[in-house]
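So for the sequence shown, the UniProt record's numbering puts the first residue at 1; every next one is plus one. Just so it is clear, CB atoms sit at the ideal spot from N, CA and C, and this is done for glycine as well. Read the structure below first, then the notes.
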Amino acid sequence: MEDVSQAPRPPATWRSLLFIPQFAFANAARLPADCFIVDLQDAVPLAAKAAARAGLVEALKAGTFAGRPVVVRINEAARPELLDADLEACIGLPGLTALMPTMTTCPEDLDALHERIRLLEEARGLPRGHTRFLPLIETPAALLEVGRLAVSGGGRPLGLMLGHGDLFRLTGALPHAELTLAHPRSMVVMAARAAGIEPFDTPYTNVGDRIGLEQHAAQGHVHGFTGKCCLHPDQLDTVNRCMTPTASELAWARKVTQAQGQGALATLTRKVPGLTASGAGGAAETEGMAVVDGVLVGPPHLKAAHRMLALCPPAVLAMEAEPRVRGRRVSHALHRPPSPDDVLPNPYEMTATAGMRDLWVQCFYSHDRVVTSAPFAARLGLSGPDAPPLPFMMGLYLACSMSSTHGAIYHLGFRDARQLAPLRVGDTFRQEIQVRSVRNTGDGKRAVVTTHRRMLRVGDDVPVLRTSRRPRSWRTRSCPGRCSTSWGSGPPPTTRSAGSTGSRHWRAAWCVWPRGASCDSRADRGSPGLPESEGRGNACRDRAQLFWRVSIEGQ
Numbered sequence: 001m002e003d004v005s006q007a008p009r010p011p012a013t014w015r016s017l018l019f020i021p022q023f024a025f026a027n028a029a030r031l032p033a034d035c036f037i038v039d040l041q042d043a044v045p046l047a048a049k050a051a052a053r054a055g056l057v058e059a060l061k062a063g064t065f066a067g068r069p070v071v072v073r074i075n076e077a078a079r080p081e082l083l084d085a086d087l088e089a090c091i092g093l094p095g096l097t098a099l100m101p102t103m104t105t106c107p108e109d110l111d112a113l114h115e116r117i118r119l120l121e122e123a124r125g126l127p128r129g130h131t132r133f134l135p136l137i138e139t140p141a142a143l144l145e146v147g148r149l150a151v152s153g154g155g156r157p158l159g160l161m162l163g164h165g166d167l168f169r170l171t172g173a174l175p176h177a178e179l180t181l182a183h184p185r186s187m188v189v190m191a192a193r194a195a196g197i198e199p200f201d202t203p204y205t206n207v208g209d210r211i212g213l214e215q216h217a218a219q220g221h222v223h224g225f226t227g228k229c230c231l232h233p234d235q236l237d238t239v240n241r242c243m244t245p246t247a248s249e250l251a252w253a254r255k256v257t258q259a260q261g262q263g264a265l266a267t268l269t270r271k272v273p274g275l276t277a278s279g280a281g282g283a284a285e286t287e288g289m290a291v292v293d294g295v296l297v298g299p300p301h302l303k304a305a306h307r308m309l310a311l312c313p314p315a316v317l318a319m320e321a322e323p324r325v326r327g328r329r330v331s332h333a334l335h336r337p338p339s340p341d342d343v344l345p346n347p348y349e350m351t352a353t354a355g356m357r358d359l360w361v362q363c364f365y366s367h368d369r370v371v372t373s374a375p376f377a378a379r380l381g382l383s384g385p386d387a388p389p390l391p392f393m394m395g396l397y398l399a400c401s402m403s404s405t406h407g408a409i410y411h412l413g414f415r416d417a418r419q420l421a422p423l424r425v426g427d428t429f430r431q432e433i434q435v436r437s438v439r440n441t442g443d444g445k446r447a448v449v450t451t452h453r454r455m456l457r458v459g460d461d462v463p464v465l466r467t468s469r470r471p472r473s474w475r476t477r478s479c480p481g482r483c484s485t486s487w488g489s490g491p492p493p494t495t496r497s498a499g500s501t502g503s504r505h506w507r508a509a510w511c512v513w514p515r516g517a518s519c520d521s522r523a524d525r526g527s528p529g530l531p532e533s534e535g536r537g538n539a540c541r542d543r544a545q546l547f548w549r550v551s552i553e554g555q
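Laid out in structure tokens, this is it:
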């Protein structure tokens, strides 16, 4: 863990801003937060506000926050008696970095607060502008005035923070939908950058969803936020990592600055007729444009590279400069034309998490009871009552697309996919891929490769899902056995390609055998029943099974 007991950091280096309650003040020195936010507004009941102010004053005077920036979220102007008490307690406190005005709607709100604080600063012998602002942009009115808010308040704002709670309460939008946050995020970033101050992203409120937090923080980084607000210490490591330049970004910045130092950025400048390095006063050696690693680089990229290196935490830069521990090297390519029965190397493994499952169900909702109903799945033995199984289609996706093991334009389809065991959250899976057939296309430039895939559970190597080597043909009918079965087929979509005529077809069917039951169906010609080797007395007798067969043909 990096050293956190250091001099206060400028706002441009605040990656994580943690809301910290008073009962956690004693742990502040051990937390890797770049800045702390103490809430005197929503998080404190009316009867406890006086005690909260006293506790804040005591903690700041005692140096509890290890010299790191502290921002105090004060009560809104609509409650003047509470706001006055907050200002009386906070103005001039040692170690206090900024105040966070709340429920601001227009620049006049910050101007009025500025005047009240100016009088207090004069009375206490403080220089004008000693107390800075970090306004919370949390209302539709504030968002529409965000550009003016960034330059109001007597120049006190050091940044802007987006708050989505009240904003989406007032607009009725969904808070964590990427589309609804995109516009507010862009407005806050643009306003802050135009004013020369720092933008900070809204918190992710689902503190137990680390995958969602990772995505949320990464989106904030892409939008251009300097840092992100955190609601729980468990979020700090993820947010700090996502808001720190990656190894590839730092490598790019170093290459650009090295190219500048070596005069490479003058490459294109020298080609301008009548312009030479000496004629440009030597500036052509450090300015201009050039192609670095296939990317056109100019003055904007150069400034961005210098800023990235200047603001990156020293501990990260030092770590990047140290020799790396080289991990294992594994081969996952076939460096010759594939032949039937070849095994394609595939070293990848993937652990299924609750966040992955929830995201899949949200994006690809299914009415299949085995997918959406935990009690029904538990009765089948596929999971416990509190742990829904992974959807079958998610398992099929992992079995076929966990990694790219061979260059393919697109998949033509799957045939006879079967789930052989439950797929549960927390399980780690790997693939086995074997070539079944190779057929060249008519132009001789491509080939259709048919593979047999098995997905194995890491640890005990139990096969959990596989695809059959042979396609099945069947007609729609009911299973003749005693099992609870449903068969179906769908409309024939048209798939055309160069040289193809007519449409392709697909058939899909699924069958569930309850625990303890056996299926008497046999594989007659043209029937969708089980093959004879998998009929009565075999795998489907004493444990729940889910078989899914899909045949898709296309080109």
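Relative to the Cα of T171, the nearest Cα in the group A194, L149, E138 belongs to E138. Straight-line spacing of the CA atoms in K228 and A47 works out to 30 Å.
Scanning its chain for C-beta atoms nearer than 7 Å, with the 5 sequence neighbours on each side dropped, one finds around G92 the residues R124, L126, in chain order. Your pair L423 and L390 checks out as a contact, with CB atoms roughly 4 Å apart and the cut at 8 Å.
Annotation note: the stretch 122-152 contains the following uninterrupted alpha helix (DSSP H) runs of length 4 or greater, listed N- to C-terminal: 140-144, 146-149. The Cβ neighbour count for C363, taken over all protein chains shown within 10 Å, is under 16; the residue is labelled exposed. Looking only at V70, T102, R116, the smallest Cα-Cα distance to A142 is reached by T102.
Our two residues, L213 and V38, have alpha carbons roughly 22 Å apart in a direct line.
Annotation: the continuous alpha helix (DSSP H) that includes N240 extends over 236-242.
About 6 Å separates the beta carbon of L420 from that of V464, a gap short enough to meet the 8 Å contact definition. Look at F414 here: in three-state DSSP terms it is coil, with no helix or strand label. Exposure of Q258 is indicated by the presence of fewer than 16 other C-beta atoms within 10 angstroms of its C-beta. In the structure shown, the three-state DSSP call for F392 is helix.
With distances taken between CA atoms, P11 lies nearest to P157 out of Q219, P157, N27.
In this chain, the alpha helix (DSSP H) harbouring D84 covers 80-90. Distance check between R116 and each of A310, E88, P21, V316 places E88 closest, using alpha-carbon atoms only. Under the three-state reduction of DSSP output, G212 falls in the helix class. Of L96, P140, A150, the smallest CA-CA separation from T131 is found for L96. In this structure R418 is in contact with R466, their Cβ atoms being roughly 6 Å apart against a cut-off of 8 Å. Per DSSP, A43 is not a residue of any beta strand (DSSP E), being assigned neither H nor E. The criterion of a C-beta distance shorter than 8 Å is not satisfied by L160 and P184.
Taken atom to atom, the span from the alpha-carbon of L119 to that of A112 is near 11 Å. In summary, V146 is buried, with 16 or more beta-carbon neighbours lying within 10 Å of its beta-carbon over all protein chains present.
Between R68 and F19, the gap from beta carbon to beta carbon reaches 8 Å or more. C-alpha of P107 to C-alpha of A77: approximately 13 Å in a straight line.
Look at F364 here: in three-state DSSP terms it is coil, with no helix or strand label. Spatial neighbours of M356 in its own chain (CB-CB distance under 7 Å, excluding positions within 5 residues in sequence) are listed in chain order as I211. Buried is the label assigned to A33, since at least 16 other Cβ atoms lie within 10 Å of its Cβ. By the CB criterion at 8 Å, N240 and S16 fall inside the cutoff. Taking the CA atoms as reference points, L231 sits about 38 Å from M455. For D166, the enclosing alpha helix (DSSP H) begins and ends at 165-171.
A191 sits buried, since 16 or more C-beta atoms from the chains shown fall within 10 Å of its C-beta. Where Q260 is concerned, the enclosing alpha helix (DSSP H) starts and stops at 247-261. Contact between C90 and V72 holds, since their C-beta atoms are separated by about 5 Å, short of 8 Å.
The beta carbon of G163 is closer than 7 Å to those of L136, I137, E138, T202 in its chain, skipping five residues each way along the sequence. When the Cα atoms are used, Q215 and S401 turn out to be separated by approximately 21 Å.
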